[in-house]
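So the sequence lines, in the order shown, correspond to chains A and B.
Going by UniProt numbering, the first sequence opens with residue 1, and the numbers climb by one from there.
Going by UniProt numbering, the second sequence opens with residue 1, and the numbers climb by one from there.
Don't be surprised by glycine CBs; every beta carbon is placed ideally from N, CA and C.
One structure is given below, encoded as structure tokens.
2 protein chains.
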Amino acid sequence: MSKNRLIYLPLGGAGEIGMNAYVYGYGAPGEERLIVVDLGVTFPDMDTTPGVNLILPDIGFLRDNAERIEAIFITHAHEDHVGAVGRLWPDLRAPVYARSFTGHLAQLKFEEAGQDPANVEIVGAWPERIEAGPFKVAFLPVSHSIPESAALVIDTPAGRIVHTGDFKLDTAPGVGEPWDEGLWREATKGRVRALVCDSTNVFSHHPGRSEAELKDPIRKLVAAAPHMVVATTFASNVARVKTLAEAGLAAGRSVCLLGRAMRRMVEVAEKTGVVDAFPHTITPEDARDLPRENLMLIVTGSQGERRAASAQLSRGKYLGLEMNEGDTFLFSSKTIPGNERGVIRTMNAFSEMGVDIVAEDDRYHVSGHANRPDLERVHALVNPECVIPMHGEHRHLREHAKLAEANGRVSLVVVNGAVCDLTGARPHIVEHVEAERVYLDGDILIGALDGVVRDRIRLALNGHVMVNVILEGNEALGEPWVETMGLPETGRSRAALVDVLEQDLGQFLMRAKARTLRDDAAVEDELVRITKKVTQDEIGRKPEVTVVVSRLEG
Amino acid sequence: MSKNRLIYLPLGGAGEIGMNAYVYGYGAPGEERLIVVDLGVTFPDMDTTPGVNLILPDIGFLRDNAERIEAIFITHAHEDHVGAVGRLWPDLRAPVYARSFTGHLAQLKFEEAGQDPANVEIVGAWPERIEAGPFKVAFLPVSHSIPESAALVIDTPAGRIVHTGDFKLDTAPGVGEPWDEGLWREATKGRVRALVCDSTNVFSHHPGRSEAELKDPIRKLVAAAPHMVVATTFASNVARVKTLAEAGLAAGRSVCLLGRAMRRMVEVAEKTGVVDAFPHTITPEDARDLPRENLMLIVTGSQGERRAASAQLSRGKYLGLEMNEGDTFLFSSKTIPGNERGVIRTMNAFSEMGVDIVAEDDRYHVSGHANRPDLERVHALVNPECVIPMHGEHRHLREHAKLAEANGRVSLVVVNGAVCDLTGARPHIVEHVEAERVYLDGDILIGALDGVVRDRIRLALNGHVMVNVILEGNEALGEPWVETMGLPETGRSRAALVDVLEQDLGQFLMRAKARTLRDDAAVEDELVRITKKVTQDEIGRKPEVTVVVSRLEG
Numbered sequence: 001m002s003k004n005r006l007i008y009l010p011l012g013g014a015g016e017i018g019m020n021a022y023v024y025g026y027g028a029p030g031e032e033r034l035i036v037v038d039l040g041v042t043f044p045d046m047d048t049t050p051g052v053n054l055i056l057p058d059i060g061f062l063r064d065n066a067e068r069i070e071a072i073f074i075t076h077a078h079e080d081h082v083g084a085v086g087r088l089w090p091d092l093r094a095p096v097y098a099r100s101f102t103g104h105l106a107q108l109k110f111e112e113a114g115q116d117p118a119n120v121e122i123v124g125a126w127p128e129r130i131e132a133g134p135f136k137v138a139f140l141p142v143s144h145s146i147p148e149s150a151a152l153v154i155d156t157p158a159g160r161i162v163h164t165g166d167f168k169l170d171t172a173p174g175v176g177e178p179w180d181e182g183l184w185r186e187a188t189k190g191r192v193r194a195l196v197c198d199s200t201n202v203f204s205h206h207p208g209r210s211e212a213e214l215k216d217p218i219r220k221l222v223a224a225a226p227h228m229v230v231a232t233t234f235a236s237n238v239a240r241v242k243t244l245a246e247a248g249l250a251a252g253r254s255v256c257l258l259g260r261a262m263r264r265m266v267e268v269a270e271k272t273g274v275v276d277a278f279p280h281t282i283t284p285e286d287a288r289d290l291p292r293e294n295l296m297l298i299v300t301g302s303q304g305e306r307r308a309a310s311a312q313l314s315r316g317k318y319l320g321l322e323m324n325e326g327d328t329f330l331f332s333s334k335t336i337p338g339n340e341r342g343v344i345r346t347m348n349a350f351s352e353m354g355v356d357i358v359a360e361d362d363r364y365h366v367s368g369h370a371n372r373p374d375l376e377r378v379h380a381l382v383n384p385e386c387v388i389p390m391h392g393e394h395r396h397l398r399e400h401a402k403l404a405e406a407n408g409r410v411s412l413v414v415v416n417g418a419v420c421d422l423t424g425a426r427p428h429i430v431e432h433v434e435a436e437r438v439y440l441d442g443d444i445l446i447g448a449l450d451g452v453v454r455d456r457i458r459l460a461l462n463g464h465v466m467v468n469v470i471l472e473g474n475e476a477l478g479e480p481w482v483e484t485m486g487l488p489e490t491g492r493s494r495a496a497l498v499d500v501l502e503q504d505l506g507q508f509l510m511r512a513k514a515r516t517l518r519d520d521a522a523v524e525d526e527l528v529r530i531t532k533k534v535t536q537d538e539i540g541r542k543p544e545v546t547v548v549v550s551r552l553e554g
Numbered sequence: 001m002s003k004n005r006l007i008y009l010p011l012g013g014a015g016e017i018g019m020n021a022y023v024y025g026y027g028a029p030g031e032e033r034l035i036v037v038d039l040g041v042t043f044p045d046m047d048t049t050p051g052v053n054l055i056l057p058d059i060g061f062l063r064d065n066a067e068r069i070e071a072i073f074i075t076h077a078h079e080d081h082v083g084a085v086g087r088l089w090p091d092l093r094a095p096v097y098a099r100s101f102t103g104h105l106a107q108l109k110f111e112e113a114g115q116d117p118a119n120v121e122i123v124g125a126w127p128e129r130i131e132a133g134p135f136k137v138a139f140l141p142v143s144h145s146i147p148e149s150a151a152l153v154i155d156t157p158a159g160r161i162v163h164t165g166d167f168k169l170d171t172a173p174g175v176g177e178p179w180d181e182g183l184w185r186e187a188t189k190g191r192v193r194a195l196v197c198d199s200t201n202v203f204s205h206h207p208g209r210s211e212a213e214l215k216d217p218i219r220k221l222v223a224a225a226p227h228m229v230v231a232t233t234f235a236s237n238v239a240r241v242k243t244l245a246e247a248g249l250a251a252g253r254s255v256c257l258l259g260r261a262m263r264r265m266v267e268v269a270e271k272t273g274v275v276d277a278f279p280h281t282i283t284p285e286d287a288r289d290l291p292r293e294n295l296m297l298i299v300t301g302s303q304g305e306r307r308a309a310s311a312q313l314s315r316g317k318y319l320g321l322e323m324n325e326g327d328t329f330l331f332s333s334k335t336i337p338g339n340e341r342g343v344i345r346t347m348n349a350f351s352e353m354g355v356d357i358v359a360e361d362d363r364y365h366v367s368g369h370a371n372r373p374d375l376e377r378v379h380a381l382v383n384p385e386c387v388i389p390m391h392g393e394h395r396h397l398r399e400h401a402k403l404a405e406a407n408g409r410v411s412l413v414v415v416n417g418a419v420c421d422l423t424g425a426r427p428h429i430v431e432h433v434e435a436e437r438v439y440l441d442g443d444i445l446i447g448a449l450d451g452v453v454r455d456r457i458r459l460a461l462n463g464h465v466m467v468n469v470i471l472e473g474n475e476a477l478g479e480p481w482v483e484t485m486g487l488p489e490t491g492r493s494r495a496a497l498v499d500v501l502e503q504d505l506g507q508f509l510m511r512a513k514a515r516t517l518r519d520d521a522a523v524e525d526e527l528v529r530i531t532k533k534v535t536q537d538e539i540g541r542k543p544e545v546t547v548v549v550s551r552l553e554g
């Protein structure tokens, strides 16, 4: 009864936009040979993950089955697809395959994680195929907001899967391969068992627009700007960076790239040949000496990130450059939901400097993802036996499945941790594996459910009271000592909160029975209780409380 | 040389959307008699104000000059205009004037703050005038997203000011007075020294739409829904709540209001006569017994607030009611920038339940603020000698000023704390007063710059290490004791972080010179330094550190 089966298991990316990690398996149940598609990160926020550096998928399932992994494939070089590969690789130790631009950036991830970049093998596009156990995998070029994005055509003994990666239908993306419907038709012809498909823009009802449409508007905007122009976009959108730089040069401006990611992306793009003739740029040192009206800066920080170049400029000088009254700042980007506060903070800081801000304007930005009608076009083109939505929050996946079903197709929402059997007549969930999140916290990986971050959130919401008492036998030695952090100094009684606490805790110790004072746990419980009650009475909140009872040998 | 002057001083609302508090003064410099317009709150967020309950304007200037305050006027009952009046009033003790609906809600604010609601005097609309020292003030009705919003026509010996409050140009708002151009023309005719004007929607380029446009689309949506319908909007938008309820009844559904604010707003609207014949509603208890397809809930929580009815429903049962597969949830609202995460969290939770979500759809929502062309219409109608933008972030104020100037008007951006002299030929800033923010933190008001909240943010970002040592004379008594909160348990050395810390701190104490050990401050400094260094080495982050040195009499 151990008939071979073909399974699909998202470990990240199916229930969020970010942190992509997908697994395919073929073989007897529980013994499937596995391939991994993408190992990305997502970014922390103050609401749910204060102090966390990065969020990675929980690959416990893969770690437990590492010997079954044949290969890892990276579709493109966005952080949410490649960002975790270096750090997670030591648990997987399978060969990593990617095309040239993506592979070079994956190799940098290996270097950053102290791993050998030679584990990343650079491969060619379709019709080249990589054999990985029962899988034969080809990288099928597709347009996206980063060069050299690829779908995967995955042939298995149980049929073919087309895994789109991130994509849009852009026949003139500027940099990177255009959408080539003929190529896709040829590469995906015949029976396709499943189309596993990007869902990001399923709520956008108009057909997607081309990167090429931006050239004229951006050129006009830059030409008309009276003083310095600063533009921001995702550094990885090399086509956009090039369009911006060309607009600067066309307006007689020297162009300077600011931000490490910006320079790195252009370097790797040039090195791997995905862009040729990137416009000449100058250094920040040289930029400082130029008249402002002859200058254009292209900077990181389109999402208002506090440490990026745009935010630094919004706070004052950055590398000797600064914004002035009458300068223009162009957000050639869209604010990702959740990043609004940071972006708005940056905008208002520029506004206070008298900078003219151009933002949230469709003339200067197009999305990198296929819109609803584009998705329908790809469904029709590939004509799969079923559509499995991926790369979306739950609402995107559900809407995408409804769209496919409305067109008479079979579809199923498969969320992180759900193992979907693609072998039978209809795809169906057969089991669930752990697929939480892992936090890079400082230098340490911790589980999302370990409680560490929950405690930090509690400290932020409630403040902290620390109580120290020294006991000797059945009496307290001296007074209790209280310190607070993150709490108002004085409360209702107009006395210092620590004084009120020390007094009330001291009274308890004075009056407590000898039996209580010989029992550390009982003393501790009572001190916590009194501390919470007094703090609630004084300032109206129940703090986190840490009590340390030190006992001298009596 | 103490010529009388007319001044305008925003203490909140000019540099943010929220926390409105404006001051006008007339008299000799430094001795102006004052009136206050609106006393609102703004809401905390985890990024900048974790654990804070509410944010209020810093009215230090008013407190210091309380005897100069003639009166307080409340334009309308939105929280960002009325929310702080009860809590701040004890420092001001001037009569509060408002129209009926607004005044009743202001009186509730007084009750909540333990103050006498009789301090709020209900007054009529223009042409009724309130004399307040050198000011004569009339409430001029205007349409907005809450009933009975009013502009103020403020006559002073130095000329007339028109203070718009929040407004839109809606000739069919459903509930509340329609925009009446004739009335405005009459009330604002003659010389107007300054138009102090709402800037919220200055970036919206199309003319505003009417509340009335929503009736048909909402009716159709509710009629077509197969199962239960739940709709959310701001409770204070009584017109919208009524439109939603009428759509429910028209579709043969019973309507139930969920959420305290929702019921309170409708009650006050009925009591004060701003709405007559509000549709019949049923209790949650009765709703539970009805077939789902005959039911419509109208709930609080359009901004994803964690404790509101919508979020409660997204987490499961609420008052015995719950959402099921095939139900419809309508956000008849727009997500305020910064609230995206909460709204999206709610949406995805509903999506997991199989609920069909309708959101961010212009057919089911219109804004309550005047758009750019509407602002130009009002500028032209009032034809003031200068336009002072208010009610906006800096970028809104600046854009509004540029708009006025582009039309040949005098305009000036006046931010919180800037005292603007309106007497001379051109408005100009003459001085600055403190105008920070005050936090309601638990039950206590604390200053934004007190450091309390900054410490909580540090705890959230860095975690906390507490170190205890007991000294006697020049030696340590026992080992140091370490507790941590919000930090990973084990680090690079694979030993428990607290053990590594206790060992290294213990070694320091053992080896320290007698002179050092007699100096509490020196011991403390060194313990902090070692704790940070060891924690950095072990887990890659520098925590907050609290050291308590207890000294026994030697």
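Look at the alpha carbon of Ser-314 (chain B) and the alpha carbon of Ala-245 (chain B), and state the distance between them as a whole number of angstroms.
-> Looking up residue 314 (chain B) in the second sequence gives position 314. Looking up residue 245 (chain B) in the second sequence gives position 245. Going from the Cα of Ser-314 (chain B) to the Cα of Ala-245 (chain B) covers about 21 Å.
Could you tell me the boundaries of the beta strand (DSSP E) in which Pro-10 (chain B) lies?
-> Within the second sequence, numbered from 1, the residue matching residue 10 (chain B) stands at position 10. Where Pro-10 (chain B) is concerned, the enclosing beta strand (DSSP E) stretches over 5 to 12.
Interface partners of Ser-550 (chain B) on chain A, CB under 8 Å = In the second sequence, residue 550 (chain B) corresponds to position 550, counting from 1. Neighbours of Ser-550 (chain B) on chain A, chain order: Asn-468, Ile-470, Gly-478, Trp-481, Ser-550.
7 Å CB neighbourhood of Ala-172 (chain B) in its chain, flanking five on each side removed = Counted from its first residue, the second sequence places residue 172 (chain B) at position 172. Counting only Cβ-Cβ distances below 7 Å, and skipping sequence neighbours, we find Pro-178, Ser-210, Glu-211, Ala-212.
How big is the Cα-Cα spacing for Gly-15 (chain B) and Val-413 (chain B)?
-> Reading the second sequence from its first residue, position 15 is the one you call residue 15 (chain B). Reading the second sequence from its first residue, position 413 is the one you call residue 413 (chain B). C-alpha separation (whole angstroms): 10 Å.
Mapping DSSP to helix, strand and coil, what is Met-46 (chain B)?
-> If you number the second sequence from 1, residue 46 (chain B) lands on position 46. Reduced to three states, the DSSP call for Met-46 (chain B) is coil.
Hey, does Thr-546 (chain B) have any beta-carbon neighbour from chain A nearer than 7 Å?
-> Position 546 of the second sequence, counted from the start, is the residue given in the question as residue 546 (chain B). With 7 Å as the cut-off, Thr-546 (chain B) counts as an interface residue toward chain A.
CB-CB under 8 Å to Pro-279 (chain B), same chain, minus the five flanking residues each way: which ones, in chain order?
-> Mapped onto the second sequence, residue 279 (chain B) falls at position 279. Result list for Pro-279 (chain B): Lys-242, Ala-245, Glu-246, Gly-248, Leu-249, Val-255, in chain order.
At a Cβ threshold of 7 Å, is Ser-367 (chain A) touching chain B?
-> As a working note, residue 367 (chain A) is residue 367 in the first sequence. Not an interface residue.
Please confirm whether Gly-408 (chain A) and Thr-346 (chain A) have their CB atoms less than 7 Å apart.
-> Counting from one through the first sequence, the residue named residue 408 (chain A) turns up at place 408. Counting from one through the first sequence, the residue named residue 346 (chain A) turns up at place 346. Contact flag unset, no.
Any C-beta of chain B sitting closer than 7 Å to the C-beta of Ala-460 (chain A)?
-> Counting from one through the first sequence, the residue named residue 460 (chain A) turns up at place 460. True, the Cβ-Cβ gap to chain B drops below 7 Å.
At which residues does the alpha helix (DSSP H) containing Pro-57 (chain B) begin and terminate?
-> What you label residue 57 (chain B) is simply residue 57 of the second sequence in a count that begins at 1. First-last for Pro-57 (chain B): 54 to 57, but that is the beta strand (DSSP E), not the alpha helix (DSSP H).
Consider the Cβ of Met-46 (chain A): report whether some Cβ of chain B lies at a distance smaller than 7 Å.
-> Locating residue 46 (chain A) in the first sequence gives position 46, counting from the first residue. Yes, contact with chain B.
With 7 Å as the C-beta to C-beta threshold (strictly closer), list the residues of the segment 441 to 458 of chain A near chain B in chain order.
-> Asp-441, Gly-442, Asp-443, Ile-444, Ile-446, Val-452, Asp-455, Arg-456, Ile-457
Tyr-364 (chain A) beta carbon less than 7 Å from that of Ile-218 (chain A) = Residue 218 (chain A) sits at position 218 when you count from the first residue of the first sequence. Residue 364 (chain A) sits at position 364 when you count from the first residue of the first sequence. Yes, the pair counts as a contact, with Cβ atoms nearer than the cut-off.
Which residues in chain A sit within 7 Å of Glu-352 (chain B), going by Cβ to Cβ distance?
-> In the second sequence, counting from the first residue as 1, residue 352 (chain B) sits at position 352. Per Cβ cutoff of 7 Å: His-394.
Interface residues of chain B facing residue 615 (chain A) [CB-CB closer than 9 Å] = Residue 615 (chain A) is absent from the structure shown; chain A starts at 1 and stops at 554.
Where does Glu-305 (chain B) sit, in a helix, a strand or coil, going by DSSP?
-> Indexing the second sequence from 1 puts residue 305 (chain B) at position 305. Coil, per DSSP.
For Asp-155 (chain B) and Ser-100 (chain B), the rounded distance between their alpha carbons | In the second sequence, counting from the first residue as 1, residue 100 (chain B) sits at position 100. In the second sequence, counting from the first residue as 1, residue 155 (chain B) sits at position 155. Near 22 Å, if we compare the C-alpha coordinates of Asp-155 (chain B) and Ser-100 (chain B).
Kindly identify the DSSP beta-bridge partner or partners of Tyr-318 (chain A).
-> Counting from 1 along the first sequence, the entry for residue 318 (chain A) is found at position 318. Beta-bridge pairing links Tyr-318 (chain A) to A:Leu-321.
So what's Leu-552 (chain B) in DSSP terms, helix, strand or just coil?
-> Locating residue 552 (chain B) in the second sequence gives position 552, where the first residue counts as 1. It is a strand residue.
Apply the 10 Å Cβ neighbour rule to Met-510 (chain A) and answer buried if 16 or more other Cβ atoms are within range, or exposed otherwise.
-> Numbered from 1 along the first sequence, position 510 holds the residue referred to as residue 510 (chain A). Exposed, since its Cβ has fewer than 16 Cβ neighbours within 10 Å.
From B:Pro-90, B:Lys-136, B:Phe-139, residue whose alpha carbon lies closest to that of Asp-116 (chain B) | The sequence position of residue 116 (chain B) within the second sequence is 116, counting from 1. The shortest C-alpha separation from Asp-116 (chain B) is found at B:Pro-90.
Residue-chain proximity (Asn-407 (chain A), chain B), Cβ-Cβ < 7 Å | Taking the first sequence and counting its residues from 1, the one referred to as residue 407 (chain A) is at position 407. So, not an interface residue.
For Asn-468 (chain B), which residues from the same chain have a beta carbon less than 6 Å from its beta carbon, with the 5 sequence-adjacent residues on both sides left out?
-> As a first step, residue 468 (chain B) is located in the second sequence; it is residue number 468 there, counting from the start. Counting only Cβ-Cβ distances below 6 Å, and skipping sequence neighbours, we find Trp-481, Val-548.
For Glu-436 (chain A), which option in A:Arg-5, A:Asn-4, A:Leu-11, A:Lys-3 has the closest C-alpha, if you only look at C-alpha atoms?
-> Looking up residue 436 (chain A) in the first sequence gives position 436. Of the candidates A:Arg-5, A:Asn-4, A:Leu-11, A:Lys-3, the one whose C-alpha sits nearest the C-alpha of Glu-436 (chain A) is A:Leu-11.
The segment 322 to 354 of chain B: which residues have C-beta closer than 7 Å to a C-beta of chain A, in chain order?
-> Pro-337, Gly-338, Glu-340, Arg-341, Ile-344, Met-347, Asn-348, Ser-351, Glu-352
Whole-angstrom distance between Asp-421 (chain B) and residue 569 (chain B), CA atom to CA atom | Nothing about residue 569 (chain B) can be read from this structure; chain B reaches only from 1 to 554.
With 16 other Cβ atoms within 10 Å as the buried cut-off, status of Ala-401 (chain A) | The residue labelled residue 401 (chain A) in the question sits at position 401 within the first sequence. Its Cβ being crowded by 16 or more others within 10 Å, Ala-401 (chain A) is buried.
Could you please give the first and the last residue of the uninterrupted beta strand (DSSP E) stretch that includes Lys-136 (chain A)?
-> In the first sequence, counting from the first residue as 1, residue 136 (chain A) sits at position 136. 135 to 141 is the span of the beta strand (DSSP E), which, as asked, contains Lys-136 (chain A).
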